[in-house]
Amino acid sequence: MGYRSLLSFLICSLLLAAAAPAGEIDPEGVLRFSLGGEVSVLNPILSTDTVSSAVEGVIFTGMVTFNESLEPVPDLAKSWDVSSDGKIWTFHLRRDVKWHDGVPLTADDVVFTFNSILDPKVNSVRRSDYIIDGQPIRFKAVDKYTVQAILPKPFAPFLIHAAMSIIPKHLLAGKDINTAAFNRKPVGTGPFIFKEWQTGDHVTVVRNPNYYLGKPLLKEIIYKIIPDENSALVALEAGEIDEAGIPPKDYTRMKAVKGINVYESDVLLYTYLGFNLANPKFTDKRVRQALAYATDKKQLVNLILRGLGTPAYAPSAPISWAYSDRVPKYQYDPEKAKKLLKEAGVKDLEFTILVNQGNKEREKAAVILQQQYKKIGVKVKIRVMEWSAILKIVNANKDPKDFEAVIMGWSLGLDPDGYSIWHSSQYPQGFNFIKYKDPLVDKLLEEGRTTVDKGKRKQIYAKLWKAIAEDQPYVFLWYPKAIAGVNDRVGGLSKPGPAGLFLHIEKVYKKK
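Reading the sequence shown from the start, the letters are residues 327 to 838 in the numbering used here.
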């Protein structure tokens, strides 16, 4: 879940990948990816999960994108200007962009997209990205190819949020965006055109011959839905798919497999155990702190990740410029955990952890946590569910939500702004599905996104991570390394890193 956070914004860049040797490219090349769950929706302003975002990323594009160094670069907007006071951003759009149905893209599409996100009737969890201290950003079309954003005050993450994928006004104006047929048959401006979505099996896209950055080298991409990561690995080895995540237990073996290249990199990601704070079992933070003390994170990293990761202690990632490890770490201490439970007057604590089916790392984590918590007298039940079913529970517009605890991960944005995850206003319709509420955290979140000076922001986020870690609304579990296996017939990859191997998807190809 998450996000159109990291991988939603890292779609395609204007930087070109190295040219392929002459005669090496198969013009009929088909790339086959695996998806770890069912796609929920193919509309970028509505989706909340990485599975949907992965597919949307090749169909849609935004005014801004990011290069391998995670720096903003032009996309639909060829350039932009910002006023001296930081409150007026003017974007100059390309004039050669067409929607997949042939209709030209204009400034009206851009304004329509952001106004739709800001419309309370639209079920978008991204609304807070465009509201500053309660005031919405105003978007207007200056002319056919010029868009202006008027901010109520300077907003540090604005350029990153300007990378939001654009949707077509001519197909969605006047319709209920939440239920539009478009959400299963999308039309974008990206390098690939939607072809079909067969529920439970696959989604197929085909090359866009009129893509404004040049015709993609691949003829087609097929996203096969394979919820079980072990099954995905078997499919990779059998040549049925061209890329799959490699579980740590298979890392050494896969390094020796012929025909598959293994890549590893650090990522803006963490895995966590989140508590439903609307449930009386978790309202006393001493209970949450006790569970943190009862969590042997080093054991989790060693048993599950085989050392290919590190224990997590804060809602940030070590590769983020705003990361700070000056937070309460609640090192493993079961006796202290028992003492805190006793102080809180808690006896016979019992709760259920939700885990998405097929994610073996999270399934193993739930079992290990079950054993660890048993040592302090806490009984844990595990409920394994399909990814789409878990999303339905945590995204439900109701209070309280129907879960006690859940193991999930956040793929973080390029900017440290965590407003949509942690601000109390983002419940129940938002990413703050655990109902976390703290006045100091709200204040720091508001300061962090409206402070432009990077040094001052870093100080604000250090205080923020410390305050959240003190409360332990999540037990932060681990920071993983991304490990991927790719068929050696696939060329045109980007360098390994948080931007992803397939950043320049229009330059990826299959070898003959």
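Ideal placement from N, C-alpha and C gives every residue a C-beta, glycine not left out. In this text the structure is predicted, and so the values were computed from the model without any measurement.
Sort the options by Cα distance to residue i and report the nearest one.
i: PRO660; options: GLN683, ARG420, ASP622; result: ASP622
i: VAL812; options: ILE702, SER642, ALA564; result: ALA564
i: ASP527; options: GLY362, TYR787, LYS718, ASP435; result: GLY362
i: LYS836; options: GLY826, ALA825, LYS821, VAL816; result: VAL816
i: TYR598; options: SER646, TRP736, LYS424; result: TRP736
i: ASN369; options: GLU354, GLY355, SER450; result: SER450
i: MET389; options: GLU350, ALA433, GLU364; result: ALA433
i: ASN682; options: GLY428, VAL720, VAL437; result: VAL720
i: GLU397; options: LEU485, ASP435, PRO478; result: LEU485
i: ALA570; options: LYS541, LYS413, ARG358; result: ARG358
i: LYS664; options: LEU717, GLY600, LEU617; result: LEU617
i: LEU766; options: GLY703, HIS749, LEU666; result: HIS749
i: VAL532; options: PRO542, GLN524, PHE508, SER557; result: PRO542
i: SER410; options: SER746, ILE476, ALA670; result: ILE476
i: PRO446; options: ILE547, LEU372, ASP435; result: LEU372
i: PRO644; options: ILE548, VAL593, ASP768, GLU669; result: VAL593
Measuring only the C-alpha atoms, how far is residue i from residue j?
i: ARG420; j: THR472; result: 9 Å
i: PRO641; j: TRP791; result: 6 Å
i: LYS611; j: LYS784; result: 26 Å
i: TYR753; j: ILE760; result: 8 Å
i: GLN615; j: TYR699; result: 12 Å
i: PRO742; j: LYS807; result: 19 Å
i: GLU772; j: GLN696; result: 37 Å
i: LEU498; j: HIS830; result: 28 Å
i: ALA793; j: LYS673; result: 27 Å
i: LEU634; j: TRP647; result: 21 Å
i: LYS624; j: LEU559; result: 26 Å
i: ASP576; j: ASP352; result: 30 Å
Does the beta-carbon of residue i have 16 or more other beta-carbons within 10 angstroms, so that it is buried, or is it exposed?
i: LYS470; result: exposed
i: ASP422; result: exposed
i: ARG652; result: exposed
i: ALA788; result: buried
i: SER331; result: Low local confidence applies: a pLDDT of 34 at SER331 is under 50, so the model's placement there is unreliable, with the coordinate-based value given in what follows. So SER331 counts as buried.
i: PRO799; result: buried
i: ARG579; result: exposed
i: ALA582; result: exposed
i: CYS338; result: Bear in mind that the predicted position of CYS338 carries a pLDDT of just 32, short of 50, making it unreliable; the figure below should be weighed with that in mind. With 16 or more other Cβ atoms within 10 Å, it is buried.
i: ASP779; result: exposed
i: GLU354; result: exposed
Whose C-beta lies closer than 7 Å to the C-beta of residue i among residues of the same chain, with five residues either side of it excluded?
i: PHE481; result: ILE458, ARG775, THR776
i: LEU333; result: Confidence is the limiting factor: at LEU333 the pLDDT is only 35, short of 50, which leaves the residue's position unreliable, though a coordinate-based value still follows. Around LEU333: THR376, SER379, ALA380, GLY383, SER737, GLY826.
i: PRO462; result: LEU444, TYR456
i: THR636; result: VAL627, TRP804, TYR805
Taking C-beta to C-beta, are residue i and residue j nearer than 8 Å?
i: LEU680; j: TRP804; result: no
i: PRO574; j: ILE630; result: yes
i: TRP425; j: THR515; result: yes
i: LEU603; j: TYR762; result: yes
i: TYR619; j: LEU675; result: no
i: ALA692; j: ILE708; result: yes
i: ILE503; j: SER442; result: yes
i: ILE492; j: LEU402; result: yes
i: TYR589; j: GLU832; result: no
i: VAL367; j: ASN509; result: yes
i: SER820; j: GLU394; result: yes
Tell me which same chain residues have a C-beta within less than 6 Å of the C-beta of residue i, skipping the five on either side of it?
i: ASN587; result: VAL812, ASP814
i: PRO654; result: ALA795, GLU796
i: VAL437; result: PHE465, ALA467
i: ASP427; result: VAL513
i: LYS705; result: GLU676
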